[in-house]
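Note that the sequence shown ends on residue 159 in full-length UniProt numbering; no numbers are left out. Here's the structure we're looking at; comments come further down.
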Amino acid sequence: MRRRTPDASTWLNAPDPVLALAQENLAFYEDVRDSSRRWYRVSELGALVTSSSTVVAAGLNAPAWLTALIAGGALFFTGFRQVFGHGPRYVLAAQSREVLRRAVNRYQLLPESDRDDSARQELLTAIERVGDEELRQWVEQRHQPPFGGGEPAGGPALP
1 MRRRTPDAST
11 WLNAPDPVLA
21 LAQENLAFYE
31 DVRDSSRRWY
41 RVSELGALVT
51 SSSTVVAAGL
61 NAPAWLTALI
71 AGGALFFTGF
81 RQVFGHGPRY
91 VLAAQSREVL
101 RRAVNRYQLL
111 PESDRDDSAR
121 QELLTAIERV
131 GDEELRQWVE
141 QRHQPPFGGG
151 EPAGGPALP
């Protein structure tokens, strides 16, 4: 997932900077989750429609160029799914957002007087843990070979 650089002036100047940072991260994960879900649905439906249309076109004795064009669309959507991996990205963003949302909720349920340095540190630890877990899962996905073998999605693994 491409992470936008947080605008430090926004959350650093907030009355509760750790909470503001957590909310900014929540907004980021929501955006990525929603965008990835849309692209996942588009690519899956595109692959399904073009794959099934290829069979129908061949069964109806459609011109060869039309069948080839539809089959090319199916191949495109298959490659699109493998290269961009919106399905795993959607799951990863949703998981990260949910873990962070729970930590923010726990923090916000504390009375204002109990939101001391230890509570802020706990929230900051949760933010960092979510980021570390996201990075770990992303690296694992990059090191898994695709079904047919060969290079992992996104190119060869770095040494």
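For every residue, glycine included, the Cβ atom is placed at its ideal position computed from N, Cα and C.
| query | result |
| --- | --- |
| Jot down the residue ranges of each uninterrupted beta strand (DSSP E) in the segment 61-126, minimum 3 residues, whole runs only, in chain order. | none |
| Have a look at Y40, R106, T67 and L109 and flag the residue whose alpha-carbon is nearest the alpha-carbon of G79. | Y40 |
| Between the Cα of E128 and those of L19, P15, T10 and A14, spot the shortest distance and give me the residue it belongs to. | L19 |
| Under 8 Å by Cβ, that's how I've got A103 and L123 pegged, so tell me the actual separation to the nearest angstrom. | 6 Å |
| Going along the chain, which residues of its own chain have a beta-carbon closer than 7 Å to the beta-carbon of L158, five neighbours each way excluded? | Residue placement at L158 is flagged as unreliable, the pLDDT there being 48, under the threshold of 50; the coordinate-derived value follows with that caveat. Cβ neighbours of L158 beyond the five flanking positions: none. |
| Starting from A57, trace the alpha helix (DSSP H) in both directions and tell me its first and last residue. | P17 to G59 |
| Does the beta-carbon of T125 have 16 or more other beta-carbons within 10 angstroms, so that it is buried, or is it exposed? | exposed |
| Rounding to the nearest angstrom, what Cα-Cα distance links S52 and G85 in this structure? | 22 Å |
| Secondary structure at E141, three-state DSSP: helix, strand or coil? | The sequence shown places Gln at residue 141, not Glu. Residue state, collapsed to three classes: helix. |
| Expressed to the nearest angstrom, what Euclidean distance is found between the alpha-carbon atoms of L21 and S113? | 20 Å |
| Hey, would you say Y29 sits closer than 8 Å to L109, going by beta carbons? | no |
| Using the C-alpha atoms, what's the distance from R115 back to A47? | 50 Å |
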